[in-house]
Amino acid sequence: MEPKDKKSVLTVKDLSLTIDEKKILTDISFSIKPEEVLAVIGPNGSGKSMLLKTLVGIHTPTSGTITWAPKAKVGYLPQRFQVDHYLPMTIEEFLSLKKNPEYSLNEVFSLTKMEKSWRTKNLAHLSSGQLQKILLAWAVLDKPEILLFDEPMENVDIAGQESIYRLLHELQETLHVALILVSHDLNLVYRYADQVLCLNQKMLCYGPPHNALTEQKIKELFDTHTLFHHTH
Amino acid sequence: MTDYFIYTLISGVFVAVASGLIGSFLVLKKMTLMSDALSHVALPGIALGVIFKFEPIIGGLLFLFLSIILIWGIENKTKLATESITGVLFVTALAVGSILISETDLLEAFFGNVENISRIQLLIQTIIALGIIGIVAKNFKSLILVSIAPDLTYSEKISRKKLELLLLVLIALTISIGIGFVGVLLMSALSIIPAVTARNLSKNLKMYVWWSMIIATLSLLGGIIISHVTQSVNPGVATVLISAFFFLVSLFGMRK
């Protein structure tokens with residue numbers, strides 16, 4: 013299960029995270045190769061967001077290693093991007109804060125399917141779904157090798173969520189980036205992911221969705237049948 | 042007009058520009074009360090300067106730096122919020138400073154006294170102001186990013202902790218240069234009120250930062266001149282009132 017022919021963008025080994033004596037993550041190991049999509053699924057409070065935060069360095073792992081490919085550029089989209097409703101800043105100004113962009117603003121606008129007129133739109137006037145899109149534009153600006161996408165908070169409506177995941181999928185294919193996405197939506201996992209990692213503080217499953225996600229595992233993970241809609 | 046008065050005005054412009062600039066970050070990062078409280082920490086340092094006859098600005102700076110190192114250290118070691126730590130430090134410093142200093146000097150330290158700023162202090166504060174403006178210009182994008190979306194700094198490979206320390210250092214420097222003009226109690230008039238006013242007037246970041254610097258400058262110059270002409274109003278107090286007036290006006294021109 014671990015061919016070494018294509019170098020991994022990211023290899024995580026026995027990663028554990030304990031905060032205030034509370035075990036958040038225990039012995040997580042996985043790796044992701046270029047252009048691969050890894051879905052991290054698990055119930056609320058299972059440590060999904062904390063895993064991403066640890067990968068980008070917001071939290072320091074208690075033990076274990078995180079190895080990035082040399083000079084790998086990482087795009088990170090946090091779960092929540094709150095903008096003070098009074099922040100005087102246009103979309104254009106926000107995106108120009110990015111260090112070392114590889115795309116022009118025009119390019120990134122068409123990549124993320126944003127209208128040009130948005131350039132001077134105020135950040136504070138956007139819905140949370142629209143902000144998510146801006147974050148995505150921000151994350152791809154420097155042509156990253158890998159994107160870490162945390163599931164948007166509930167306040168993004170279903171239609172908004174659908175479109176952001178579709179856009180994410182398209183970007184992943186056109187830009188050939190690897191992608192780690194956090195979600196609780198199993199349909200999404202079957203549709204887009206090459207690998208799936210089931211997380212509930214511990215790693216309950218890991219592998220290609222159809223092998224890893226047995227009904228038994230899903231039951232164990234969510235402790236219920238109802239979240240499992242269909243397999244295809 | 043004397044030479045000295047002209048030097049005061051020139052120094053005032055630089056001090057005000059630096060204060061307005063830093064103020065715009067304080068408002069974005071929601072650190073306004075923290076910086077206001079922090080300014081009081083300078084008091085014991087100023088007192089030592091008065092007692093031992095050295096430039097009060099140096100003593101003030103020394104105490105400000107000691108406290109930001111303390112604040113930053115405690116914040117990184119414990120779970121206490123910066124606001125709470127500053128709260129403890131500031132009242133303690135205020136009490137210590139009040140014991141050390143005579144009543145007239147205390148009033149001066151509280152509200153500032155333009156007439157008593159030495160030429161050396163004018164020079165020192167102008168140089169520091171230029172330094173602040175230069176450092177901000179060089180790190181503008183990172184400082185803005187850490188102010189509005191600190192979580193995004195990690196994937197940019199810029200150190201959030203270092204930037205936050207840099208911001209604290211810049212705040213301390215800004216407070217130290219404003220104290221001579223407006224005193225420890227009124228320092229926020231030079232940084233916070235202009236920035237809040239600018240936010241009311243601006244629809245983008247560029248306008249916001251410029252307005253903040255302009256309003257700070259107009260307020261301070263207005264305060265110094267009014268005080269000079271009337272010979273009765275304290276310049277710090279005049280500066281506060283002018284900037285508060287700008288704020289009121291900005292409420293009517295507020296942009297959505």
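Protein sequence lines, in the order shown, are assigned to chains R and G. Under the numbering used here, the residues of the first sequence are numbered 13 to 244, in order. Under the numbering used here, the residues of the second sequence are numbered 42 to 297, in order. Every residue, glycine too, gets a C-beta built ideally from N, C-alpha and C. For clarity, every value in this text was computed on a predicted model and none was experimentally measured.
Of the residues the options, the one placed nearest residue i, counting alpha carbons only
i, options, result
"Gln213 of chain R", "R:Gly172, R:Thr226, R:Ile36", "R:Ile36"
"Leu262 of chain G", "G:Ser243, G:Ser291, G:Gly219", "G:Gly219"
"Ala88 of chain G", "G:Asp44, G:Leu141, G:Ser80, G:Ser159", "G:Leu141"
"Val21 of chain R", "R:Phe42, R:Ala136, R:Asn112, R:Asp169", "R:Phe42"
"Ile255 of chain G", "G:Ile109, G:Val278, G:Ser284, G:Ile126", "G:Ser284"
"Val95 of chain R", "R:Ser139, R:Ile70, R:Asp26", "R:Ser139"
"Ser125 of chain G", "G:Thr271, G:Ala78, G:Ser229, G:Leu208", "G:Ala78"
"His188 of chain R", "R:Thr66, R:Leu160, R:Gln207, R:Glu48", "R:Glu48"
"Thr23 of chain R", "R:Asn199, R:Ala190, R:Pro221", "R:Ala190"
"Val120 of chain R", "R:Lys231, R:Gly219, R:Pro156, R:Arg92", "R:Pro156"
"Val82 of chain G", "G:Leu148, G:Leu130, G:Lys198, G:Leu121", "G:Leu130"
"Lys25 of chain R", "R:Tyr88, R:Leu67, R:Val52, R:Leu109", "R:Leu67"
"Trp252 of chain G", "G:Leu193, G:Ile47, G:Ser65, G:Phe46", "G:Ser65"
"Asp192 of chain G", "R:Lys65, R:Tyr177, R:Arg178, R:Asp169", "R:Lys65"
"Cys217 of chain R", "R:Pro46, R:Val52, R:Lys45", "R:Val52"
Residue-level contact to chain G via CB, residue i, 9 Å cutoff
i, result
"Pro100 of chain R", "yes"
"Glu114 of chain R", "no"
"Val86 of chain R", "yes"
"Ala151 of chain R", "yes"
"Asp96 of chain R", "yes"
"Asn134 of chain R", "yes"
"Glu14 of chain R", "Residue confidence is low: Glu14 of chain R scores 45 on pLDDT, short of 50, so the model does not pin down where it sits. No coordinate-derived value is stated."
"Leu29 of chain R", "no"
"Leu107 of chain R", "no"
"Gln142 of chain R", "no"
"Lys34 of chain R", "no"
"Phe93 of chain R", "yes"
Residue-chain proximity (residue i, chain R), Cβ-Cβ < 9 Å
i, result
"Met248 of chain G", "yes"
"Ala239 of chain G", "yes"
"Leu208 of chain G", "no"
"Ile110 of chain G", "no"
"Lys118 of chain G", "no"
"Ser196 of chain G", "yes"
"Leu282 of chain G", "no"
"Lys71 of chain G", "yes"
"Ile176 of chain G", "no"
Sufficient close CB pairs (3 or more, under 8 Å) joining the region 62 to 74 of chain G to the region 176 to 192 of chain G:
Proximity of the region 62 to 74 of chain G to the region 176 to 192 of chain G meets the contact definition, three or more beta-carbon pairs being nearer than 8 Å.
| message | Below 8 Å, how does it come out for the region 46 to 59 of chain R and the region 122 to 138 of chain R: are there three or more Cβ pairs, yes or no? | response | For the pair of segments examined, the region 46 to 59 of chain R was found not to touch the region 122 to 138 of chain R: the number of CB pairs separated by less than 8 Å stays below three.
For the region 226 to 237 of chain G, enumerate the residues whose C-beta is nearer than 9 Å to any C-beta of chain R, in chain order.
Residues of the region 226 to 237 of chain G with a C-beta less than 9 Å from any C-beta of chain R: none at all.
- prompt: What residues from the region 53 to 75 of chain R come within 9 Å of chain G, judged by C-beta to C-beta, listed N to C?
  reply: Identification of residues in the region 53 to 75 of chain R having a C-beta nearer than 9 Å to some C-beta of chain G yields Lys65, Val68, Gly69, Ile70, given in sequence order.
Exercise. Can we say the region 208 to 216 of chain G touches the region 108 to 126 of chain G, given the rule of at least three CB pairs closer than 8 Å?
Worked result: Verdict: yes, contact present.
* To do: Write down every uninterrupted run of the beta strand (DSSP E) in the region 13 to 44 of chain R whose length is 3 residues or greater and which is fully enclosed by it, in chain order.
  => Listed in chain order, the complete beta strand (DSSP E) runs (minimum 3 residues) inside the region 13 to 44 of chain R are 22 to 31, 34 to 44.
_Under 8 Å: do the region 167 to 179 of chain G and the region 56 to 66 of chain G share three or more Cβ pairs, one atom per stretch?_
Touching, yes.
Pair every Cβ in the region 270 to 283 of chain G with every Cβ in the region 93 to 105 of chain G, then say whether three or more of these pairs are closer than 8 Å.
Contact between the region 270 to 283 of chain G and the region 93 to 105 of chain G is not established, with fewer than three Cβ pairs separated by less than 8 Å.
Checklist entry - For the region 80 to 129 of chain G, which segments carrying the alpha helix (DSSP H) assignment without a break, of at least 4 residues, lie completely within its bounds, in sequence order? => result Listed in chain order, they are 84 to 93, 97 to 118.
task: May I have a chain-ordered list of the alpha helix (DSSP H) segments no shorter than 4 residues that lie completely inside the region 197 to 285 of chain G?
output: Counting only runs that start and end inside the region 197 to 285 of chain G, the alpha helix (DSSP H) elements of at least 4 residues fall at 201 to 227, 229 to 242, 246 to 271.
Checklist entry - Quick one: complete alpha helix (DSSP H) runs, 4+ long, within the region 88 to 125 of chain R? => result With a minimum length of 4 residues, the continuous alpha helix (DSSP H) runs that stay inside the region 88 to 125 of chain R are 103 to 107, 117 to 123.
- Message: Below 8 Å, how does it come out for the region 71 to 82 of chain R and the region 43 to 54 of chain G: are there three or more Cβ pairs, yes or no?
- Response: In short, these stretches do not touch, since the Cβ pair count stays below three.
#### Entry: Residues from the region 81 to 108 of chain G in contact with chain R, defined by Cβ distance under 7 Å
Taking 7 Å as the Cβ-Cβ cut-off, the region 81 to 108 of chain G has no residue approaching chain R.
Practice prompt. Let me know the beta strand (DSSP E) ranges lying completely inside the region 125 to 208 of chain R, each 3 residues or longer, listed in chain order.
Written response: Correct list: 158 to 161, 190 to 195.
- request: Note down, in chain order, all residues in the region 183 to 194 of chain G with a beta-carbon under 8 Å from any beta-carbon belonging to chain R.
  value: Under the 8 Å Cβ criterion, the region 183 to 194 of chain G contributes Ser183, Ile185, Leu186, Ile189, Ala190, Asp192, Leu193.
### Query
Of the residues that make up the region 242 to 275 of chain G, which ones have a beta carbon closer than 8 Å to any beta carbon in chain R?
Within the region 242 to 275 of chain G, the qualifying residues are Ser243, Lys244, Asn245, Leu246, Lys247, Met248, Tyr249.
Would you call the region 99 to 118 of chain R in contact with the region 142 to 154 of chain R, where contact means no fewer than 3 C-beta pairs closer than 8 Å? Contact holds: three or more Cβ-Cβ distances are below 8 Å.
- Query: Should the region 141 to 150 of chain R be called in touch with the region 211 to 229 of chain R, which here means at least 3 C-beta pairs below 8 Å?
  - Reply: By the C-beta criterion, the region 141 to 150 of chain R is judged not to be in contact with the region 211 to 229 of chain R, since fewer than 3 inter-stretch pairs fall below 8 Å.
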